[in-house]
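With the working numbering applied, the sequence shown covers 697 to 875.
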Amino acid sequence: MTGRLAGDTCDRDPIWDREVETETHEAAFARASAAWQKQFPYLMQHSGFYSRRFREAGVTGDRLSLKDIAQLPFSTKADLKQAIDEAPPFGSNLCAPPTQVKRVYQTSGTTGAPSVLALSRTDIETWTVIGTRTYFATGIHDHSSVLTTFGAGPFVAGHTHFVLSRIGCRSVPVAPGDT
697 MTGRLAGDTC DRDPIWDREV ETETHEAAFA RASAAWQKQF PYLMQHSGFY
747 SRRFREAGVT GDRLSLKDIA QLPFSTKADL KQAIDEAPPF GSNLCAPPTQ
797 VKRVYQTSGT TGAPSVLALS RTDIETWTVI GTRTYFATGI HDHSSVLTTF
847 GAGPFVAGHT HFVLSRIGCR SVPVAPGDT
């Protein structure tokens, strides 16, 4: 296998979830479309931020095909900061009751005040699945050791530790606040 670390002799399949990661474009689009048909009305009903932004862009009703998603406005960092200011601490873009928030991250704040990201159990699982596929594809497997040097704390990069745990590798966090 090409593109691996020197000394890595593992011949493990680099695909974590073969069914999903090798599906046809048509199958992937159909799966994404089905998920979007549930997500769009949920956003319209449960997020003041998104329902307002969509209406302002002329998108109304409770249906919008995935093919037409380009009609939706792009959310900027300033928009998300405004959402947090409108409804602290999680923002008017929160789509779940605050009691369903099970993990809170924040950005580093390098361009201003840190932004808060509120995750439900489902969000945590989704982030972990996506991260696991990504890291596994790069060659990080259960025989690997991974040294992380970022301060995980409440920082969003800390979710990497959930991913490494899912893969089953040895995780060695050595940054300030991680020891």
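We put the beta carbon where it would ideally sit given N, CA and C, even for glycine. Here the structure is a predicted model, which means the values were calculated and not measured.
Rounded to whole angstroms, how far is the Cβ of H855 from the Cβ of C791, which I believe are closer than 8 Å?
-> Not quite, the Cβ-Cβ distance comes to about 19 Å (not below 8 Å), so this is no contact.
Buried versus exposed, by CB contacts within 10 Å (16 or more), S861 = exposed
Around the Cβ of V800, are there at least 16 other Cβ atoms within 10 angstroms (buried) or fewer (exposed)?
-> exposed
Rounded straight-line distance, which links the Cα of F846 to that of P869 = 8 Å
Helix, strand or coil at S861 according to DSSP, with G and I counted as helix = helix
If you drop the 5 nearest sequence neighbours on each side, which residues of the same chain put their C-beta closer than 6 Å to that of P737?
-> Correct list, in chain order: D758.
Go through its chain and collect everything with a Cβ distance to T828's Cβ below 8 Å, but skip five positions before and after it.
-> W712, V859, R862, I863
Can we say the stretch 779 to 788 touches the stretch 808 to 816, given the rule of at least three CB pairs closer than 8 Å?
-> Proximity of the stretch 779 to 788 to the stretch 808 to 816 meets the contact definition, three or more beta-carbon pairs being nearer than 8 Å.
Mind pulling the alpha helix (DSSP H) runs of 4 or more residues that sit fully within the stretch 809 to 850?
-> Entirely contained in the stretch 809 to 850, the alpha helix (DSSP H) runs reaching 4 residues are, in chain order, 817 to 833.
Quick one: residues in its chain with C-beta nearer than 8 Å to the C-beta of H857, no 5 flanking neighbours on either side, listed in chain order?
-> T844, A848, S867, P869
What residue from E752, V716, T718, E821 has the CA that sits closest to V797's CA?
-> Scanning E752, V716, T718, E821 for the CA closest to the CA of V797 turns up E821.
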